[in-house]
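Visitor:
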Amino acid sequence: MSALSTNGQISDVTRVSAENEVVSATELAMKDVRQSSINLKQYTLKEVSEHCWRNDCWIILFDRVYDVTKFISDHPGGEYIIEENAGRDATLQFRGSRHGKEAFDMLEQLCIGILVEDERLYTPRDIDLYSTP
Ligand code: HEM
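As numbered in numbering that gives the first Met the number 0, residues 0 to 132 make up the sequence shown, in order.
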């Protein structure tokens, strides 16, 4: 999937990869998920849903689980918008907002795990989580 649509317009937040290739932020996030899902603790959607409080707030983005409890009050897009998604998958809302490199860089620090394989939507099933790279 290219970041540029057929009429040449940018269809997603774009970023230049280390290989100097222009790719969409979504593509990059998914690539990161594939590369770094090994050794992440796995959670079910039900487990994540229990952390749906202002003082205990997890969200799911691109199959990964983020503890955003301490981050909520610093979120440049506002607290409420994250609270609304507490305990849930917020990937579509995250993609629908203007998130650039800064946001994607922050994600790394907040990640605490990944969904169990059967409940993932974005990570291909052919990953062997237990093989050594
Ligand atoms: C851990 C998760 C998140 C992080 C690290 C994050 C980070 C950021 C950052 C850094 C910005 C400033 C713009 C930029 O530099 O990218 C931003 C803006 C924003 N975020 Fe988030 N965000 C997160 C989750 C979400 C979620 C789940 C939503 C929606 C439900 C959301 C909605 C917004 C909105 C609406 C803005 C303002 C965009 C604009 O200026 O037009 N964010 N976020």
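All C-beta atoms, glycine included, are put in the ideal place defined by N, C-alpha and C. Predicted model only: the values in this text are computed from it and were never measured.
#1: Under 8 Å, with one C-beta from each stretch per pair, do the region 85–92 and the region 47–58 reach the 3-pair mark?
#2: How is Val47 classed by DSSP in three states: helix, strand or coil?
#3: Within 10 angstroms of its Cβ, does Gly77 collect 16 or more other Cβ (buried), or is it exposed?
#4: I'd like the list of long-range same chain contacts for Leu109, defined as Cβ closer than 8 Å, with 5 residues on each side in sequence excluded.
#5: In this structure, what does DSSP give as the bridge partners for Leu60?
#6: In the DSSP assignment, what residue or residues form a beta bridge with Asp55?
#7: For Gln41 versus Ile111, is the C-beta spacing smaller than 7 Å?
#8: Return yes when the C-beta of Tyr79 is under 6 Å from any heavy atom of the ligand HEM, and no when it is not.
Guide: By the coordinates alone:
#1: yes
#2: helix
#3: exposed
#4: Tyr65, Asp66, Val67, Phe70
#5: Arg63
#6: Trp52
#7: no
#8: no
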